[in-house]
Amino acid sequence: MNIAQGIAYAQQFLTENLINDPYLNAKVDSYLLLQAVTGLSKSQLMAFDDRSLSEENQQKLTALLQRRAKGEPIAYILGETEFWSLRLNVSPDTLIPRPDTEILVEQALTIAEEKIQQNGNVSILDLGTGTGAIALALANELKKCGAKCRILGVDLIQGAVEFAHKNAVRHDLLEVEFKQSAWFEKIAERFDIIVSNPPYIDAQDVHLQQGDVRFEPLTALVAEQQGYADLQKIIENAPQFLQPNGALLLEHGWQQGEKVRSFFVEKLWQNVVTVKDYGGHERVTLARLK
Ligand SMILES: C[S@@+](CC[C@H](N)C(=O)[O-])C[C@H]1O[C@@H](n2cnc3c(N)ncnc32)[C@H](O)[C@@H]1O
């Protein structure tokens with residue numbers, strides 16, 4: 019079997035075995051698996067597609083295809099994924115970062131740049147940091163513009179905290195600090211910006227039985243009170259950990275915008291707005307502390 023035949027075989031195998039997965043991109047997954055097996059880049063696979071695959075590599079490919087055919091996310095099989103142009107290690111301890119979350123990063127960057135212009139520096143807290151995706155994307159961008167910043171990411175799960183730290187090492191972003199904390203439990207300072215993509219799915223949601231989420235931990239996905247408990251808890255506690263005119267930015271489900279806005283009480287908060295994702299769905303709500 020040569021590389022071209024390996025790609026064709028993988029694509030057909032995935033298409034036939036994951037027929038009910040609406041998110042499957044068999045071609046993308048096939049290239050990623052062949053890259054993992056051979057150590058070649060996508061362009062090398064394409065340029066040398068008549069090279070033969072060793073017996074050992076064919077066996078490895080079959081083993082990976084069988085895992086993928088059971089629905090295991092490609093990111094967990096490869097042990098990494100891409101977020102905001104950073105390749106991040108991922109583990110079943112936490113969520114695989116999603117492209118939708120880049121909306122939160124974009125909004126936070128705009129506010130961070132404003133704070134830097136005003137004060138010459140910025141401090142950011144990332145609650146429920148998981149792989150460190152949001153904190154590291156922000157740190158990477160702010161580093162490019164030479165800004166002085168303090169970024170802290172916290173997570174309930176110690177394994178996630180360790181992975182986030184590994185990702186910081188991987189990208190030479192050691193100025194970002196990570197520690198274990200249940201939301202604000204171990205926080206003892208005020209920040210200019212608090213960001214969070216907390217669990218926000220209702221335990222009864224049928225999507226929990228579909229696609230990648232079946233393999234992700236419920237601690238990263240599910241919240242009580244139809245998915246609103248953690249969003250509400252963070253909004254209620256954030257004022258004690260924000261500087262005056264500090265900003266809170268929260269990712270949430272596309273049908274949760276209205277209720278999330280209602281959690282920001284007028285006495286404490288101003289400029290409450292919800293931003294849509296690239297699919298036109300309400301995705302991130304932000305507000306300023308008065
Ligand atoms: C939806 S995931 C987001 C992960 C990451 N920020 C991202 O956007 O890819 C939610 C994260 O919140 C963490 N988490 C859940 N409950 C928490 C709590 N009480 N305190 C701190 N983190 C919590 C989970 O472990 C998980 O890593």
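Residue numbers for the sequence shown follow the numbering used here, so the first one is 19 and each next one is one higher.
Think of the CB as a built atom: it goes at the ideal place given N, C-alpha and C, for glycine as much as any other residue.
Bear in mind the structure is a predicted one, so any value in this text is a computation, not a measurement.
(request) Count the other CB atoms, across all protein chains shown, that sit within 10 Å of the CB of ASN215; report buried if there are 16 or more and exposed otherwise. (result) For the purposes of this step, residue 215 is taken as residue 197 along the sequence shown, with counting starting at 1. Per the 10 Å Cβ criterion, buried.
(request) Could you tell me the distance, in whole angstroms, from the CA atom of GLY177 to the CA atom of ASP111? (result) Here the question's residue 177 lines up with position 159 in the sequence shown. Here the question's residue 111 lines up with position 93 in the sequence shown. Looking at the two C-alpha atoms, the distance is approximately 6 Å.
(request) For ILE175, I'd like the list of residues in its chain whose CB is within less than 7 Å of its CB, leaving aside the five on either flank, ordered along the chain. (result) Counting from one through the sequence shown, the residue named residue 175 turns up at place 157. Closer than 7 Å at Cβ, skipping near neighbours: ASP111, THR112 and THR237.
(message) Quick test of your reading: ALA22 and ASP68, contact by CB under 8 Å. State the CB separation rounded to the nearest angstrom.
(response) The residue you call residue 22 lines up with position 4 of the sequence shown. The residue you call residue 68 lines up with position 50 of the sequence shown. Indeed, because the Cβ distance is near 7 Å, the residues count as touching under 8 Å.
(request) Pull up the distance between the alpha-carbon of ALA256 and that of ASN263, whole angstroms please. (result) The sequence position of residue 256 within the sequence shown is 238, counting from 1. The sequence position of residue 263 within the sequence shown is 245, counting from 1. Each residue's Cα considered, the two are about 12 Å apart.
(request) Would you kindly work out how many angstroms separate the C-alpha atoms of LEU156 and LEU260, rounded to a whole number? (result) Indexing the sequence shown from 1 puts residue 156 at position 138. Indexing the sequence shown from 1 puts residue 260 at position 242. So the two alpha carbons sit approximately 18 Å from each other.
(message) Which residue marks the beginning of the alpha helix (DSSP H) containing LYS204, and which one marks its end?
(response) As a working mapping, residue 204 is identified with position 186 in the sequence shown. Run containing LYS204: none; DSSP gives neither H nor E here.
(message) Only counting the same chain, and skipping five residues up and downstream in sequence, which positions put a Cβ closer than 6 Å to that of LYS197?
(response) Position 179 of the sequence shown, counting from 1, holds the residue named residue 197. Result list for LYS197: VAL172, in chain order.
(request) State yes or no: is the beta carbon of LEU104 nearer than 9 Å to at least one beta carbon in chain B? (result) Structure shown: chain B not included; a single protein chain is present.
(message) Which same chain residues end up closer than 8 Å to LYS133 when comparing Cβ atoms and leaving out the 5 residues on each side of it in sequence?
(response) Along the sequence shown, one-based indexing puts residue 133 at 115. Result list for LYS133: ASN139, VAL140, ASP210 and ILE211, in chain order.
(message) Check whether the region 219-235 and the region 43-57 touch, using three or more Cβ-Cβ pairs below 8 Å as the test.
(response) Judged by Cβ distances under 8 Å, the region 219-235 makes no contact with the region 43-57, as fewer than three pairs qualify.
(request) Have a look at PRO91 and GLN29 and give me their C-alpha separation to the nearest angstrom. (result) Here residue 91 refers to the residue found at position 73 of the sequence shown. Here residue 29 refers to the residue found at position 11 of the sequence shown. Each residue's Cα considered, the two are about 16 Å apart.
(request) Whole angstroms is fine: what's the gap from THR303's alpha carbon to GLU73's? (result) Residue 303 sits at position 285 when you count from the first residue of the sequence shown. Residue 73 sits at position 55 when you count from the first residue of the sequence shown. One C-alpha to the other measures close to 52 Å.
(request) Report all residues from its chain with a CB closer than 8 Å to the CB of LEU52; omit the five preceding and five following residues, and keep chain order. (result) As a working note, residue 52 is residue 34 in the sequence shown. Its chain contains ILE21, GLY24, ILE25, ALA28, LEU58, LEU63 and LEU79 as the residues whose beta carbon lies nearer than 8 Å to that of LEU52, once the 5 sequence neighbours on both sides are disregarded; these appear in chain order.
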